[in-house]
Each structure stands twice: as C-alpha cells, then as structure tokens.
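Residue numbers (my numbering): 38 to 252.
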Ligand SMILES: N[C@@H](CCC(=O)N[C@@H](CS)C(=O)NCC(=O)O)C(=O)O
C-alpha cells in the first residue's frame with residue numbers, strides 16, 4: 038500500500054486528486070477513506086488540522102493536504118501521457134489559479150445564490166468570465182493546453198461540471214459549445230466513471246476500500 042487517501046466523492050478538489058491518482062497508480066495502490074464532511078473522522082483531523090479533503094498520507098508518514106500537490110505527487114510517480122507538460126506549466130498554473138480563485142468564488146455563490154446578496158444571474162455572469170476564457174482556448178485546440186490532455190484539464194473540469202449542474206438548461210443552451218464538448222468528453226471517459234464509484238462512509242472498523250479500480 039502506497040498511501041491513504043481521505044476523499045469525498047462529490048468534492049471537485051477530491052475528484053481532481055482521484056483522477057490523477059487513478060491515472061498514475063497501479064490498481065489497488067492506495068486505501069480510499071470516504072469522508073462525510075459534517076462528521077470528519079479523528080484520523081483525518083489529527084494528520085491535517087484544517088481537515089479539508091482531499092488528504093493523502095504517504096507510507097512514509099508525509100501528509101499532502103492540497104489537491105494540486107496530490108496531483109503533482111501522483112504525476113511524479115508516473116506520467117506516461119505527459120499531463121505535466123513542463124513547457125506549459127506557467128500557463129497551466131495561471132489557469133488553475135483563476136479556476137480556484139475567482140471562478141470558484143462565483144461558483145459557490147451561483148450554487149447557493151439565495152444565501153448571498155445578489156441573484157443567481159449575477160453570480161453566473163461572474164463565473165462566465167472564466168467559461169469564456171476556456172471556450173476561447175477550446176475553439177482552437179481539443180484540450181486546454183493543446184491537443185493532448187494535461188493536468189489543467191483534469192484540475193478544472195470537475196468545477197465546470199459543478200457550474201453546468203447548477204442550471205443544466207441554461208448551460209446546455211448557452212453559447213459555450215466547445216466547452217460543452219470538452220466537458221462531455223471527460224464525463225463520458227472511463228477514467229471519470231472509475232473515480233465516481235459510491236462508497237460508504239469510512240470508519241476504522243470498516244474493511245479497507247482499495248483504489249484505483251481495475252475497470
Ligand atoms: N485548497 C484545498 C481545498 C479543499 C476543500 O476546500 N475541500 C472542501 C470539500 S469540496 C472541504 O474539505 N471543505 C471542508 C468542509 O466543508 O468542512 C485543496 O485544493 O485541496
């Protein structure tokens with residue numbers, strides 16, 4: 038066993054970590070512990086006091102508690118299709134920072150506009166600034182940094198998925214056609230399906246769930 042992953046199925050940060058781990062590691066390489074955010078296990082809180090997911094605890098005891106660092110760790114183990122794309126690292130980091138910053142801020146408010154000051158449309162418009170940036174890129178290349186999949190695609194699409202799901206009618210009737218095709222490509226992929234299996238909440242008494250899966 039290489040590591041333990043604390044994860045939450047529907048969390049987009051945990052999804053990007055699971056995507057990279059499932060891509061890079063051999064089947065059953067790690068133990069997956071499904072966390073319920075309202076009832077986090079003590080084992081998680083004691084290794085990472087901020088207690089966000091995902092958290093990866095390596096066999097050496099090292100704890101990695103940022104999703105992008107977990108992706109980079111996975112790619113340092115194996116990256117046969119070159120997701121790291123060294124020549125585009127700066128561009129990738131800038132795009133991911135936009136995703137994790139302004140876009141995520143708008144997404145959280147778009148999802149729950151009734152708990153915030155402005156309307157759903159207001160927050161959607163703010164989020165659209167990022168969608169437009171992605172759309173522009175995807176009109177000329179199949180993926181965000183060219184015609185091959187890279188880390189930025191995997192780090193970003195789980196968030197675009199969430200944005201699309203807030204109001205599917207709006208999204209699928211919007212002008213973002215290249216973005217829709219890109220999103221659909223990932224949602225239909227075997228890799229994505231393999232990381233979206235459902236698990237019971239982990240408890241220390243429960244039998245271990247191994248990850249990545251064979252199929
Ligand atoms: N910067 C962190 C953010 C992770 C994060 O915020 N995850 C959410 C779940 S989607 C979380 O654990 N929130 C804590 C909570 O809800 O208690 C990362 O990239 O790993």
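Glycine is no exception: its CB is placed at the ideal position from the N, C-alpha and C atoms.
- For residue 224 and residue 230, the gap between their C-alpha atoms comes out near 7 Å.
- In the three-state DSSP reduction, residue 246 falls in the strand class (E or B).
- Closest in alpha carbon position to residue 137, among 112, 124, 195, is 195.
- A buried status is given to residue 190, since no fewer than 16 other beta-carbon atoms sit within 10 Å of its beta-carbon.
- Counting along the chain, the unbroken beta strand (DSSP E) around residue 95 starts and ends at 92-95.
- In terms of Cα proximity to residue 212, the closest of 40, 171, 90 is 171.
- When 99, 187, 94, 86 are compared, the shortest CA-CA separation from residue 125 is found for 187.
- Note on residue 74: under 16 other CB atoms within 10 angstroms of its CB, so exposed under the neighbour-count rule.
- Proximity of the region 39-54 to the region 83-101 meets the contact definition, three or more beta-carbon pairs being nearer than 8 Å.
- Secondary structure at residue 57: helix, using DSSP grouped into helix, strand and coil.
- Positions of the beta strand (DSSP E) runs, each at least 3 residues long and wholly inside the region 132-162, cannot be given because no such run exists.
- Between residue 167 and residue 135, the beta carbon gap of about 6 Å places them in contact (Cβ cut-off 8 Å).
- Residue state for residue 114 is assigned as helix, using DSSP reduced to three classes.
- Annotation for residue 90 indicates a beta carbon within 7 Å of some heavy atom of ligand 1.
- When DSSP states are grouped into helix, strand and coil, residue 100 belongs to the strand group.
- A check of alpha carbon separations from residue 169 across 48, 46, 140 identifies 140 as the nearest.
- Taking a cut-off of 8 Å on C-beta distances, the region 234-247 touches the region 59-78, as three or more cross pairs fall below it.
- When the beta-carbon positions are compared, residue 61 and residue 121 stay at least 8 Å from each other.
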